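J.:
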Amino acid sequence: MNTPILEAKNINKYFHDPIRVQVLNNINFSINKGEFVSLTGKSGCGKSTLLYLLSTMDTDYEGQIFIDQEEMPKKDEGFLAKIRNEKIGFVFQFHYLLNEFNVLKNVMLPGLKLNKYSNEEVEHRAMEKLKILGIEHLALKKANHVSGGEKQRVAIARALINDPHIIMGDEPTGNLDKKNSDMVFDIFNRLSAEFNQTLLIVTHDPSFAERTHRIIHMEDGVIK
Amino acid sequence: MKRKLLIDIAKSLLFARWKQTLVAAIGVTFSITMFITLLSFMSGLNDLLDGLILNRTPHVRLFNDIKPNQNQPVKLATEYGNAHHFIESIKSDANRQAIYNSGAIMESLKKDKRVLGFSPKLTAQIFFNDGSIDITGAMNGIDPVEEARLFHFNEYVTAGNAADLTKISNSVILGKGLAGKLLVNIGDVVQVTTSKGERFQLKVVGLFQSGIRDFDDVQSYASVSTVQKILSQPSNYISAIQVKLKDISLAPSLAKEYEQLYQIDAEDVQTANSQFETGSSIRTLISYAVGITLLIVAGFGIYNILNMMIFEKMDSIAILKATGFSGNDVKNIFIYIAISIGIFGGLMGLLFGFGLSATIDQIPFNTASLPTIKTYPINYNPRFYLIGIVFSFITTYLAGWFPARKASKIDPVIIIRGK
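As given, the protein sequences belong to chains A and B, one line each in that order.
Counting from 590, one number per residue, gives the positions in the first sequence under the working numbering.
Counting from 272, one number per residue, gives the positions in the second sequence under the working numbering.
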């Protein structure tokens with residue numbers, strides 16, 4: 590039960606433009622399987638920057654990141670894309686659904702990309718995820734024809750499609766009202782409780798953070 | 272499976288902006304259409320103009336040229352063998368115009384595998400008498416069947432039948448201009464006088480129009496035997512042998528060979544008509560240059576539209592990358608978009624190009640100098656269509672490659688944090 594899913598070792602990160610500024614200073618932590626962790630801190634403290642490093646989308650850092658006990662290389666773009674596809678699910682502040690596709694297809698895309706299951710199986714799995722989130726009735730609607738709260742739930746379903754090791758969220762409730770925020774939290778909570786899903790959520794909403802298992806608090810690029 | 276998914280995404284992006292896509296495709300269609308039409312028309316015109324001269328010209332002409340004898344008597348004097356000879360006031364040889372031993376030459380040409388065919392020719396200077404008027408003219412003795420087969424003689428006979436020259440004795444086919452001057456028509460009889468003063472009555476069995484007016488005003492055709500009779504010459508009297516080869520490019524070397532072999536003058540078509548080849552190749556070059564320019568312009572259109580699309584789809588590209596699509600996948604998606612625009616536009620272009628060519632082919636084009644041509648000439652060479660589609664493929668691929676590379680380099684973090 591105590592296997593670390595995500596580990597950061599001695600992470601240092603600098604911004605080079607316009608002048609060299611250190612934004613992350615010797616970050617060390619690890620997240621075990623099944624943990625529901627929130628990452629908090631003031632704006633500009635580096636919490637989002639850290640999340641993007643952990644998500645492998647940003648590779649300009651010093652130190653080591655382990656996902657599922659495997660060190661992430663900094664160069665191999667194709668390999669990192671595969672890791673993101675297979676092991677990480679994302680939920681952003683903005684939903685980033687593709688308006689060209691319907692809800693179901695949006696959820697299916699990462700699954701089709703993974704190419705582990707047949708088309709029909711991926712579709713079936715996508716429907717299941719939508720059912721878990723209670724939005725299966727929206728499956729055939731165009732992505733831009735559903736409400737904001739629903740869009741965020743579709744985005745969560747998309748993050749879940751490949752059964753990722755960890756779900757990362759960057760202020761997933763930042764754009765939502767109280768009711769929808771609570772609903773998103775309940776979903777995360779349920780995923781954690783029922784499916785033993787590991788979650789790492791960046792937020793500056795204290796009421797959201799308080800309800801998670803563990804809070805990692807950052808100030809000026811250092812974990813407090 | 273993976274490629275199918277990328278194509279699927281490309282298709283959705285394409286149809287989401289179908290108006291833009293259509294505009295890009297129309298650009299390609301237009302340029303391919305014009306490319307095909309331009310080349311077909313230009314090449315049809317080239318063939319027509321070349322045909323005007325080249326079809327009627329023998330590839331190698333064997334004849335006796337009027338020129339000074341190469342072996343002047345002083346050469347026979349062995350004591351001056353190594354000296355340089357200064358000889359003045361040389362006159363051209365009073366050589367007879369007939370080809371020596373023509374029968375044997377024709378026999379050996381018949382056996383030559385490189386020769387498609389040949390036809391003998393005999394030219395006589397004569398006067399056409401019309402009352403008190405004498406019109407200077409030339410009479411060509413030909414073999415009408417071979418002449419028609421090898422040099423398209425029958426295409427220029429606008430009235431009557433070329434084959435009648437052999438069927439009806441003492442018959443003649445007059446140039447249209449000449450017939451007009453003599454006020455004769457088919458069935459009428461014209462009187463001719465040879466340079467030696469002998470008179471003959473010849474029946475007109477046809478009129479011809481070559482497209483070259485000066486030619487039509489003085490020339491006439493009769494069978495070889497008729498002209499031999501007019502000139503009071505035996506049946507082996509022939510002044511030229513016109514040879515048509517299977518491969519026209521062999522003409523210069525064969526002309527040299529025949530010159531040696533038969534001790535005769537031989538002239539090849541390339542030497543006789545060099546200006547036509549130059550004209551054709553330059554016209555072809557210009558048409559290709561214009562066609563390819565059109566395609567490149569269409570390529571820039573695609574480039575612009577894809578660039579715009581990438582700018583609009585920044586978010587989608589970012590999320591595709593965040594959820595596990597690699598830069599290469601994104602690049603391929605945009606290249607698929609470009610290529611499908613290119614192939615669709617290109618195929619439509621081929622279709623429209625064919626249609627437009629066929630339409631031009633129907634437009635009446637009557638000119639007195641070209642009696643056989645009724646409509647604008649078009650060359651439906653499949654090569655143009657092949658070049659067109661290959662080129663549309665290449666230009667759209669290149670036009671797509673640069674924006675696609677740009678899309679593959681988009682950093683999802685910047686887009687996602689920017690919100």
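Using N, Cα and C, we set each Cβ at its ideal position, and we do this for glycine too.
No experiment lies behind these values; they were computed from the predicted model shown.
1) Runs of 3 residues minimum, wholly inside the stretch 667–721 of chain A: which ones carry the beta strand (DSSP E) assignment?
2) What are the start and end residues of the alpha helix (DSSP H) that includes D536/B?
3) Should Y371/B go down as buried or exposed, given a rule of 16 or more other Cβ atoms within 10 Å for buried?
4) Is the beta carbon of G446/B less than 7 Å from the beta carbon of Q490/B?
5) Three or more C-beta pairs closer than 8 Å, one from the stretch 786–802 of chain A and one from the stretch 765–775 of chain A: is that the case here?
6) Three-state secondary structure (DSSP) at N578/B?
7) Taking the continuous beta strand (DSSP E) assigned at D401/B, which residues delimit it?
8) From I745/A to V612/A, what distance separates their C-alpha atoms?
9) Going along chain B in order, which residues have a C-beta closer than 7 Å to the C-beta of F701/A?
10) Would you check if the distance between the CB atom of G322/B and the CB atom of P648/B is smaller than 7 Å?
11) Please name the residue in A715/A, K731/A and A782/A whose C-alpha comes closest to that of V626/A.
12) Determine the direct distance from the alpha carbon of F683/A to that of L628/A, and round the result to whole angstroms.
13) If I measure Cβ to Cβ from N578/B and keep anything under 7 Å in the same chain, skipping five residues before and after, which residues do I get?
14) T292/B versus chain A: which residues are under 8 Å apart at the beta carbon?
15) Terminal residues of the continuous alpha helix (DSSP H) containing D488/B?
16) In the DSSP assignment, find the unbroken alpha helix (DSSP H) run with K636/A in it and report its ends.
17) Residues of chain A with CB under 7 Å from N599/B, in chain order?
18) List the residues that DSSP assigns as beta-bridge partners of V463/B.
19) Distance cutoff 7 Å, beta carbons only. Does F582/B sit that close to anything in chain A?
20) Taking E605/B as the query, report the chain A residues whose CB atoms sit under 7 Å from its CB, ordered along the chain.
21) Could you give the uninterrupted runs of the alpha helix (DSSP H) lying entirely in the stretch 352–379 of chain B, keeping only those of 4 residues or more?
22) With three or more beta-carbon pairs closer than 8 Å as the criterion, would you say the stretch 385–398 of chain B touches the stretch 407–416 of chain B?
23) Please list the residues of the stretch 617–649 of chain A that have a C-beta atom closer than 9 Å to any C-beta atom in chain B, keeping them in chain order.
24) Using a Cβ-Cβ cut-off of 7 Å, state whether S587/B counts as contacting chain A.
25) Counting Cβ pairs closer than 8 Å, one from the stretch 742–761 of chain A and one from the stretch 662–681 of chain A, do we hit at least three?
26) Would you mind reading off the limits of the beta strand (DSSP E) that contains E601/A?
27) Taking the Cβ atom as the reference point for each residue, do S597/B and A597/A lie within a distance shorter than 7 Å?
28) Taking the beta strand (DSSP E) that G431/B falls in, what are its first and last residues?
29) Would you mind sorting E689/A into buried or exposed? The rule is 16 or more other CB atoms within 10 Å of its CB.
30) Measuring only from the beta carbon, is L525/B closer than 6 Å to any heavy atom that is part of the ligand FMN?
31) So that I know if they touch, is there some Cβ in chain E lying closer than 7 Å to that of S283/B?
32) Which residues mark the beginning and the end of the alpha helix (DSSP H) in which G598/B is found?
33) Check whether the stretch 469–476 of chain B and the stretch 506–514 of chain B touch, using three or more Cβ-Cβ pairs below 8 Å as the test.
34) I612/B CB to nearest chain A CB: under 7 Å?
35) Between the Cα of G448/B and those of R484/B, L285/B and A434/B, spot the shortest distance and give me the residue it belongs to.
T.: So, from the data block:
1) 677–680
2) Element bounds for D536/B: not the alpha helix (DSSP H) but the beta strand (DSSP E), D536 to D539.
3) exposed
4) yes
5) yes
6) helix
7) V386 to D401
8) 29 Å
9) Checking the displayed sequence, the identity of residue 701/A turns out to be Leu instead of Phe. Result: L276.
10) no
11) A782/A
12) 18 Å
13) P674
14) Here the premise fails: no neighbours, minimum Cβ distance about 13 Å.
15) R484 to V489
16) K636 to L643
17) G667
18) F399/B and F471/B
19) no
20) Here the sequence assigns Phe to residue 605/B, which means Glu is not the residue at that position. Chain A residues near F605/B: none, gap ~14 Å exceeds 7 Å.
21) none
22) yes
23) S637, T638, Y641, S644, M646 and D647
24) yes
25) yes
26) Checking the sequence, you will find Asn at residue 601/A rather than Glu. P593 to F604 is the span of the beta strand (DSSP E), which, as asked, contains N601/A.
27) no
28) V428 to G431
29) buried
30) By its list of ligands, the structure shown contains no ligand whatsoever, and the ligand FMN lies outside what it can speak to.
31) Reference to chain E is not applicable here, since the protein chains of this structure are A and B.
32) G598 to Q633
33) no
34) no
35) R484/B
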